[in-house]
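The next block holds one structure in the form of structure tokens; read it before the comments.
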Amino acid sequence: MPQITANNLQIEYETLGAESAPTILLIMGLGAQLGRWNIELCDALVARGYRVIRFDNRDCGLSSKLDEAGVPDVGRALRTGTPLVAPYTLEDMAADCVGLLDALGIAKAHVVGASMGGAIAQIVAALYPQRTLSLTSIMSTSSHPDLPPPTPEAAQALMAPLPPTRDKEALIEDAIKRQLAVASPEFPSCPQRLRNLFTEEHERGFHPRGVTRQLAAFLASGDRRALLATITAPTLVLHGADDPLIPIACGYDVAAHIPGAKMRVIEGMAHDFPVALTDVFADAIASVALAAAG
Numbered sequence: 000m001p002q003i004t005a006n007n008l009q010i011e012y013e014t015l016g017a018e019s020a021p022t023i024l025l026i027m028g029l030g031a032q033l034g035r036w037n038i039e040l041c042d043a044l045v046a047r048g049y050r051v052i053r054f055d056n057r058d059c060g061l062s063s064k065l066d067e068a069g070v071p072d073v074g075r076a077l078r079t080g081t082p083l084v085a086p087y088t089l090e091d092m093a094a095d096c097v098g099l100l101d102a103l104g105i106a107k108a109h110v111v112g113a114s115m116g117g118a119i120a121q122i123v124a125a126l127y128p129q130r131t132l133s134l135t136s137i138m139s140t141s142s143h144p145d146l147p148p149p150t151p152e153a154a155q156a157l158m159a160p161l162p163p164t165r166d167k168e169a170l171i172e173d174a175i176k177r178q179l180a181v182a183s184p185e186f187p188s189c190p191q192r193l194r195n196l197f198t199e200e201h202e203r204g205f206h207p208r209g210v211t212r213q214l215a216a217f218l219a220s221g222d223r224r225a226l227l228a229t230i231t232a233p234t235l236v237l238h239g240a241d242d243p244l245i246p247i248a249c250g251y252d253v254a255a256h257i258p259g260a261k262m263r264v265i266e267g268m269a270h271d272f273p274v275a276l277t278d279v280f281a282d283a284i285a286s287v288a289l290a291a292a293g
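Counting from 1, position 244 in the sequence shown corresponds to residue 243 in numbering that gives the first Met the number 0; the numbering is continuous, with no gaps.
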């Protein structure tokens with residue numbers, strides 16, 4: 000896959016579909032590499048007439064690592080309530096997205112983000128309206144502090160320390176265990192497919208310090224409700240009815256604060272992208288893209 004310089008960083012990306020087609024930019028969430036946008040969904044969007052770009056966020060996968068920035072003590076900040084100083088912000092990560100579009104010569108895109116990537120997508124749509132054709136915010140939040148927290152099991156999956164044995168197999172098993180804690184109950188993943196995914200991610204770019212810096216950026220981002228109110232692009236909010244990590248109330252809150260946003264709840268979905276729901280996701284993303292074009 001190619002790399003390109005964007006916002007003074009090296010960003011690893013992949014593009015699928017015809018260059019002349021309208022672009023969909025896919026922004027993934029915390030510590031998740033570009034392959035979490037599964038190829039079935041990317042192909043389904045291409046089949047619907049779009050050019051699809053997926054990429055590794057900064058500090059993840061094969062994109063630039065910011066180890067010189069140090070590692071914030073997220074756990075201490077959460078335990079003590081002391082202010083969390085993040086080495087960079089979600090606004091910086093939104094600028095990475097726009098920098099990628101710049102480097103590829105793309106004037107405007109349909110912006111789609113999942114989880115933390117949904118928060119980044121919201122910021123792109125708010126701060127760069129001239130670059131945003133439509134917004135699809137998936138299983139994300141406004142980060143308002145009064146919204147419900149994750150379930151204890153989901154919080155444990157997110158915040159638990161790495162296993163004491165740091166060999167490859169132990170780390171892959173740990174990643175699978177965390178994923179299953181937030182996976183869709185009605186659409187179970189193929190166990191071998193899940194193992195293959197996390198094996199590839201581990202071999203491609205295991206970098207827990209980057210995950211911690213991304214998490215600090217997300218936790219320090221603050222309430223985005225006022226920013227959401229400035230979004231003018233046609234917007235769809237997609238959320239799983241059974242999401243244990245970012246509860247469905249968070250999705251409703253995002254939709255309530257973006258003028259004209261539509262809310263779509265997917266029954267049986269939690270905090271992942273089941274392959275069985277590929278056409279549901281693709282049709283939903285295409286629907287708001289078509290509304291923007293119309």
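All C-beta atoms in this analysis are idealised placements derived from N, C-alpha and C, irrespective of residue type, glycine included.
- Span of the beta strand (DSSP E) around H109: In the DSSP assignment, H109 falls within the unbroken beta strand (DSSP E) covering A108 to A113.
- Touching or not, the stretch 179-188 and the stretch 28-48, by the rule of three or more beta carbon pairs under 8 Å? No: the two stretches stay apart, fewer than three of their Cβ pairs being nearer than 8 Å.
- With distances taken from CA atoms, which of L196, A124, G98 and F54 is nearest L226? Selected option, being the one with the closest Cα: A124.
- Taking the runs of the beta strand (DSSP E) that are 3 residues or longer, which of them lie wholly in the stretch 130-156? With a minimum length of 3 residues, the continuous beta strand (DSSP E) runs that stay inside the stretch 130-156 are 131-137.
- Query: For the beta strand (DSSP E) that M268 lies in, which residues bound it at each end?
  - Reply: Segment: none, M268 is in no beta strand (DSSP E) and carries neither H nor E.
- Query: Looking only at its own chain, which residues have a Cβ that is under 6 Å from the Cβ of S133, when we skip the five neighbours before and after it?
  - Reply: Result list for S133: H109, A232, P233, V287, A288 and A291, in chain order.
- DSSP state of K64, grouped into three classes? Here K64 carries a coil assignment [DSSP, helix/strand/coil].
- Task: Using 10 angstroms around the beta-carbon of V84, count the other beta-carbons present and answer buried if the total reaches 16, otherwise exposed.
- Result: With fewer than 16 other Cβ atoms within 10 Å, it is exposed.
- Can you give, in chain order, each stretch of the alpha helix (DSSP H) that sits fully within the stretch 49-105 and has at least 4 residues? For the stretch 49-105, whole alpha helix (DSSP H) runs of length 4 or above, ordered along the chain, are 73-79 and 89-102.
- Task: Grab me the residues of A174's own chain with a C-beta within less than 6 Å of its C-beta, minus the 5 sequence neighbours each way, in chain order.
- Result: The residues are F197.
- Task: Return the bridge partner residues of Y12 from the DSSP annotation.
- Result: BP columns for Y12 point to F54.
- Query: Comparing alpha-carbon positions, which option in A68, M262 and E18 lies nearest M138?
  - Reply: Residue M262 holds the alpha-carbon nearest to the alpha-carbon of M138 among A68, M262 and E18.
- Item | Strand pairing of L24, partner residues [DSSP] | Bridge partners of L24: I52 and V110.
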